[in-house]
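Residue numbers (my numbering), protein chains in the order written: chain A, 63 to 1067; chain B, 10 to 213; chain C, -9 to 90. Written out below as C-alpha cells is the structure these notes cover.
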Amino acid sequence: MSPQRHRLAAGGRIDRSRPLNFTFNGRRFEGYAGDTLASALIANGVTPVARSFKYHRPRGIVGAGAEEPNAIVQLETGARTQPNQRATRVELYDGLTAASVNCWPSVNFDLGAVNNLLKRLLPAGFYYKTFMWPPGFWMRYEYFIRRAAGLGKAPAAPDPDRYDKMHCHADVLVVGGGPSGLAAALAAGRTGARVILADGQNEFGGALLDGGAEIDGGPALDWVAAAVAELEAMAEVRLLPRATVAGYYDHNYLTIVERVTDHLGAAAPANLPRQRLWKVRAGQVVLATGSVERPLVFADNDRPGIMLASAAATYVNRYAAKPGSRAVVFTNNDSAYRVALDLAEAGIEVAAVVDPRPEPEGPLPARTRARGIEVLGGQAVVAAHGGGRVAAVEVMGLDQAGGGVIGESRRVRCDLVCVSGGWNPTVHLFSQSGGRLRYDDALAGFVPDRSAQAERSVGAAAGTFALADCLARGFEAGLEAAAEAGFRRKGRSRRAPKAPAQEEAPLRPFWVVPSTVARGRGTKHFIDLQNDVTVADVALAVREGYRSAEHLKRYTTMGMGTDQGKIGNVTGLAVLSELVDADIPSVGTTTFRPPYTPVGFGLLAGREVGALADPVRKTAIHRWHEDRGAAFEDVGQWKRPWYFPRAGESMHDAVNRECLAVRNSVGVMDASTLGKIDIQGPDALRLLNWVYTNAWDNLKIGRCRYGLMLGEDGMVMDDGVTTRLAEHHYLMTTTTGGAAGVLAWLEMWLQTEWLDLKVHLTSVTEHWATVAVAGPRARELLSALTSDIDLSAKAFPFMSMRAGTVAGVPARVFRISFTGELSFEINVPASYGMAVWNAVMMAGEKYGVTPFGTEAMHILRAEKGYIIVGDETDGTTTPGDVGMDWIVSKKKPDFIGKRSLSRPDTAREGRKQLVGLLTQDPKEVLPEGGQIVAEPEKKPPMKMIGHVTSSYWSASLGRSIALALVYGGHKRHGETVHVPLIGKTVSAVVSEPRFYDPEGVRLRG
Amino acid sequence: MAEAYLRLSALAHLGLEARAVADPGEAGVVLSERPGRGQIDLRGEAEDAGFLGAVEQAIGLALPLEAGTTASGGAATALWLGPNEWLVVTPPDGQGAAAEALRAALKDLWAAVTDVSDSRAVIGLSGRHARDVLMKGCSLDLHPRVFGPGRSAQSAVARALVLLHQTDEAPSYDLYVHRSFAEYLWLWLEDAAAEYGLAVVSGG
Amino acid sequence: MLLIPCPWCGPRDETEFSCGGEGHIPRPADPAALTDPEWADYLFMRKNPKGVHTERWVHSQGCRRWFNVARHTVSHEILAVYKMGEPPPETGADSKQNRT
Ligand SMILES: [Zn+2]
C-alpha cells in the first residue's frame, strides 16, 4: 500500500488516528476517517480518476461536492454495487471498493480513446444522425454504445439492503446547513416552530467547513458547533445531515434522500436502513442551498489537475490533501485570491494568479501580491498542456473587449490549475418549485426572482455572498418563515450572528478564452465535462439551427449527464447567447427537474418489494386452500383458488375433475371476494331503478334478481345479483374486481346528482364469508347442516334468500347459481367462514364434495353462456352486443346509460356481438384473444371480424367451447369462421352462446 | 349466538398468541391483534337532534360531530367516519344488543344500522417508536400538537386503508383495517418496526 | 403532490383523493328529449382551461365525501373548496385569465 504522499502534516477535519483502507480500480490505498473518496484519492496522488464519456479523455477531480462531473465511480461490487456515485460525495469507510466508470478496459489504457482521434466523426448530434437511421436499428447499436460509453452497471442480484420512507410535517424546512441555513434554523427553532434542517454533507457548516472565517468574534466553526448544539437541544427541531433535498414539488412537498448507513460500509448496523426517503410537507421553506463555482473555458481545459478554485481550497483546508504542488490560479473575481493565499499557506507554490480584469485591486489582490505571488492582470490562460495531467499553461494578454488575445504567449509550468469564473447560485430547487429566475448582471448568473410557493431563498443561493449578509438574511428569513407558519419570536429577542465585512471587487463576466487557433481545431474547449460537450459542438448546433436553450440541450446533450450540468450550464448559455448575438437572459435557461442528484431505485421502492410490493388480500378461508395445495389466481389484489390439484394431477386433470363433480354431484367454492353492498333507505328502490337496466319494482322481500349496470355511455360496467332483505333494505353483489368501483359509482350519483334520495350504502364485502355449494346434491349436503331452513324447491325457490342457521352459525343463504346447477351460497360473518367451510366439507364427504376454483367456475358458466364482465365485455360492449336486450327495460323512462343505447353507433346493425364457437375438430381449444376471419388468406393482412373472448375444454360436453365477439354475430349462426394461428388455421362454426342445459332445468331443480 | 370457538380472528393463522410476551422490555414498538370487538356502521343525519338524541338514548353515547374525533359512552365508543357516518365499537359480542337497540330507536328516522363486526381487524400499535412506525406509511400529521389521544382518522398506512384511533399519550394506536388486508398490514408493520425492536403482546 | 383541503377532514395528500373531472355538469333532466349532439356534449365534452377550473373530487381514502374544488391548472393553487350543490364561489379569477 502506498503512503498518503499528498497529505498535509497537520490541519483539516480528518482524523489521522483512524486510518481506513480502500481499493480504487484494483489498487489498495489508505485514507482517514473524515475523507471523501475524492479527498483520499487526492491525498494519494491518484490521477487520472476517470475517462470521459464520448472521447475517453483522461479526467481528474474537478469539484468537491454534488457538482462533480468527472469522478463518477461504480461503488462496491456484486449485489450492493451502485453506479454513478460521485467520489466527492462518497464518505470513505474501511474496506470501500470503487472503480471508474467509462473506462474499458482501464483508466490508463483506454481503447475508447480512439474516439478522441476520430473526433471529427463524433460531432454534436452524432447519435441522432447516425443511430436513428435506418429506423429500428437503434436497438442494435445501443448495446455497443452503452458498452463503450460506460454509465456504470446496475447490480445483477437483488438488493440485500433495507430502504425506508418517512412522511414528515414541518412548519419550516431549511435546506442547506451552511451559515445562512444554520442562522435560519436557529431563528425559526427558537420560536418553537417545527423545523427540519437538511444538509447533504456529513456535518453542518457548509462552506464554513473550509475554515478561516470568523463569526461573532471567534472562529466560525466554533459558532457552527454552538449552533448545532443549540438546535440539537430543541425538541421540535430535526437535524438531518447526509440528507440531500432531491425534489421540490407542488404545495411545498419536498423529498429528502438521507444516507443513513452508506458511510459505514460493512460496519452498518443491521437494523438500520441504508437510506431513508423523507417526504416532507412544509409550511414554509428556506432555501439556503449555496452556490457552485463555475469554470473558465480554455483550450484543453479538461486536463486532470484543472479544478475549481473553491474545490482546491476545500481539499487543502478541510481534508488536508494537496491537489498539486505548483498552482496557477485563473480567476475573473476576487474569491479565488483567497484560494491562492490558502494554497500558499499550505505550502503549495502558487506560480501566478491570472486575472482577465485589467487591474485587479482591493484587499485580496493586495494581500496576494504581498505574499509574493505574481498577479497577471488583463491576462488569461488560453491553453493547457500535458497528457495524463496538466504540465503547463499558456498565458496571453487580452484586448480591451476581452474578445481577442494580444502579445506573446507565456508558458507557465504547473500541475494544478485553479479556475474561477464566478459563482452560480444553486437555484435548482427554487426552479423546481416553480419560481421564476432573473439574470443578475453583476453576478453574471441566474438568481431567484419570484417565488411560486411559500419559500424564500437566502445566502449564496440568492446571490448573497458576503458572510455577514448571509448570516443576517438567513436569520431574518428564519424568523419570517416561522412567523408565517404561526410562530412568533418568544421572550427576549436574540440578535443575528455577525461577521466582519469583506471588501471584494466586482467580477468581470468572462466565459470562453479567445484562442489563437480556430476553436475545435486540434484542441477542445469543454463546457460540459461529463457529456463531453465543447464550444465547437454548441457552435455546430447553432449553425444547424438549434438556437433555443432547450433545443441546444437535447441536440448536444449538454447538461444531460448525471450531474445535470451543475458546472457548465450557465457557461453553455453564455456561449449560445454570444453565437446567436443575444443577451443571456433572452436565450433563457433550461428547466431544472427533480431529482437534484441521482436517487437509487432501491430507495424509491422502499419496503414495497417482495411480499410487501402490494397488498395480498386473503379470504377467511384462504388458509384451507393453501393447506390443500391450491394454485392461486390473482384477481385484483385478491388471491383466489384457481384449482385444487391432487397428487400427480395436471391443471387440466384437476379442472376437469372439478367441473364434473359440480355437474354430477356437488362442489364447493369460496366466493367471499364478491363485492357486497348493503343498501338501506326509503329510496333504495329508486336507486336500483336508476343504476340497473331492468325494473325492480315488483321484487318481493326475500327474492333475488340479476342486474346489469351500464356506464352513462351505455356500455356494460358491472353485473350481479341484488336481494331484497326487507321493505327498504337490499343487498347488492358485484363482481370481485368491481366491488370498490361500484360502491364509488353509486356514492358519486347519490352525492353529486341525487342529493334528495334517502339511501345509505355500506360496504359489507369484508364482513361476510361466502361458501357456494353447487351441484345436483347441494340440497342434500346442506340439509345436514341446517334445521331451520326449509330447503325444498317449493319453500326455497331459485333466486330467493333465507336467513337461518348453518352449522350452528347465523347465516344468509342465497339460492342463486353461476354454474347452471342447483346452488346455494351460504353467507356467514367472516370469522365463522372457516368453521362453516369445514362443516360443508365434512357433511359433503359422502357425496365426494369437491372444492373447485375459479377456472372450473369460468368453464361452468361459459357452458351456460353467462358473461364475465371484462372477458365478454371490454368497455365498448352494450347489453345488446352480449345478447342481453332482455334485461333492458323498455318501460323505465330513464336509467343510467339508457339514452346512449339509442345513439346511432350503439344502435347500429353489425356491431361486435356475442356468439358461441364450436371448432370443427372438437379436440381443438382456441386460444383466448384469437383473431377471427371470414376468409383465411395465405398470410396477413386479413380482415378481422372478431375475437375469442373465452375458450375452454368442456369436460361435461367432451369437446371444446368458446365465446367470441364477432361483427354481426347474431346473424351468423351456422356460418363457418376461421382463426389463423402460427402454423395452422382453426375452423369453427358460429353457434348460440349456450352449450349446456339451455332451458335452465338443472338450476331450478 | 354461535359457539365462540368456531370463530377465527383475521390474524389467527399467524400464531401471534404463541409469540406474545408478557413484558415487551426494551422493544421500541409493541404490536398486538385485538380481536372480537363489535363494530356497527351507523348512518344518520348529524343535523337532526332527534337522531342524535335517539342514539344517545339507545346506547348512552353522544356521537362525535367533529371530523376526526371520537366519543365514548355506555359501553361503546363511536369514531367519526363522515358527516353522517360513525363506527360504533362495542366490547366483544356487544354488537348484537347495541344494533338491536339502535334499530329500535331509529326505526322512524332515515338512518341505517349495519353490523360490520367482521369487516375490520384491529391491530394495536404502541411503544415509544409507534409514531415513527406510522410515519413510515402514513402521510397524516401525527404530531401531538395535531393528533392526540381520542383523535381518529381514515387514511392509508402503506397500501392499506386504515381507520386510525389514538387511544393514549404513550402513544398507543388502534388500527382498524379491512380483514383481507390485515395480514399484509401486520407484515408491513413488523418490517417497519424492525429498526426499533419489536415485541408482540396478547391483545385479547 | 397537492395538498387538498377536504371540507370535512381538512388538508390531506392528493393520493387520498380521486378526481371526478369537471364539476357543475348536471345530468339532463330528460335525456330522451336531447338530440344526439346535445347528449354527446353532456357525455363527452369537457373544458380544459389554462386557468381556474372547477372540478369534483372525492375523499376516497378518507370520509368518502364528494366536494367541489376550484383549482388553477397551471399553478395548482386551490382557490376554494365547497360542498356539492353549492355554486362556485368568486375566486377572483375566471377561467379565461392566465395566471402563470
Ligand atoms: Zn374527508
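Glycine included, C-beta positions come from ideal geometry on N, C-alpha and C.
The bridge partners DSSP lists for Arg765 of chain A are A:Ser862. As for any alpha helix (DSSP H) of minimum length 4 sitting wholly inside the region 36 to 84 of chain B, the runs are 58 to 68, ordered along the chain. Lys1005 of chain A counts as exposed, since fewer than 16 other C-beta atoms from the protein chains shown sit within 10 angstroms of its C-beta. A straight line joining the alpha-carbon of Met861 of chain A with that of Lys738 of chain A spans about 17 Å. Between the region 229 to 243 of chain A and the region 266 to 280 of chain A, the count of Cβ pairs shorter than 8 Å is three or higher; the stretches touch. Taken through DSSP and simplified to helix, strand or coil, Trp686 of chain A comes out as helix. Under the Cβ distance rule, Arg61 of chain C does not count among the residues neighbouring chain A, no pair being separated by less than 8 Å.
Bridge partners of Leu666 of chain A according to DSSP: none are assigned. Around Met35 of chain C, no beta-carbon contact reaches into chain A at under 9 Å, the shortest distance being about 13 Å. Ranked by how close their Cα comes to the Cα of Thr814 of chain A, the residues C:Glu28, C:Tyr72 and C:Thr25 have C:Tyr72 in first place. In terms of beta-carbon proximity, Gln813 of chain A lines the interface with chain C, with at least one pair separated by less than 8 Å. Rounded to the nearest whole angstrom, the C-alpha separation of Gly668 of chain A and Thr159 of chain A is 25 Å. About 19 Å separates the Cβ atoms of Trp485 of chain A and Ser639 of chain A, ruling out a contact at the 8 Å cut-off.
For His714 of chain A, the enclosing alpha helix (DSSP H) stretches over residues Met713 to Asn726.
Between Val71 of chain C and chain A, the shortest Cβ-Cβ separation is not below 8 Å.
Boundaries of the beta strand (DSSP E) around Lys341 of chain A: Gln337 to Leu349.
If you ignore the 5 residues before and after Gly10 of chain C, its C-beta comes within less than 8 Å of the C-beta of Glu45, Arg46, Trp47, Val48 and Trp56, all in its own chain and listed in chain order. With a cutoff of 7 Å, Cys(-4) of chain C counts as near ligand 1, since its C-beta is closer than that to a heavy atom of the ligand. Around the beta carbon of Trp285 of chain A, 16 or more other beta carbons sit within 10 angstroms, so the residue counts as buried. Inclusion of Ala305 of chain A and Asp261 of chain A in the CB contact set at 8 Å is warranted, their separation being smaller than that value.
Against chain B, the CB of Asp3 of chain C has a partner CB under 8 Å away; the residue lies at that interface. Judged by DSSP secondary structure, Thr99 of chain B falls within the beta strand (DSSP E) whose first and last residues are Glu94 to Thr99.
Shown here for Arg112 of chain B: same chain residues with a beta carbon closer than 6 Å to its own, the five before and five after excluded, namely Val122 in chain order.
Identification of residues in the region 54 to 83 of chain B having a C-beta nearer than 9 Å to some C-beta of chain C yields Ala76 and Gly77, given in sequence order. Taking the C-beta atoms as reference points, Gly1008 of chain A is found nearer than 8 Å to Lys974 of chain A. Cys53 of chain C has its Cβ nearer than 7 Å to a heavy atom of ligand 1. The Cβ atoms of Leu884 of chain A and Ala840 of chain A lie closer than 8 Å to each other. Between the region 742 to 754 of chain A and the region 781 to 790 of chain A, the count of Cβ pairs shorter than 8 Å is three or higher; the stretches touch. The Cβ of His22 of chain B sits closer than 8 Å to at least one Cβ of chain A. Contacts between Trp47 of chain C and chain B, judged by CB atoms closer than 7 Å, are missing: the closest CB pair is about 15 Å apart.
Residues of chain C with a Cβ closer than 7 Å to the Cβ of Tyr311 of chain A are, in chain order, Met(-9). Secondary structure note for Asp511 of chain A: its beta strand (DSSP E) is the uninterrupted segment Gly507 to Arg512.
Counting the other Cβ atoms within 10 Å of the Cβ of Pro1060 of chain A gives fewer than 16, which makes it exposed.
Taken through DSSP and simplified to helix, strand or coil, Phe654 of chain A comes out as coil.
In this structure, the CA atom of Ala855 of chain A is about 12 Å from the CA atom of Val1063 of chain A.
Annotation for Phe392 of chain A: the continuous beta strand (DSSP E) segment containing it runs Arg388 to Thr393.
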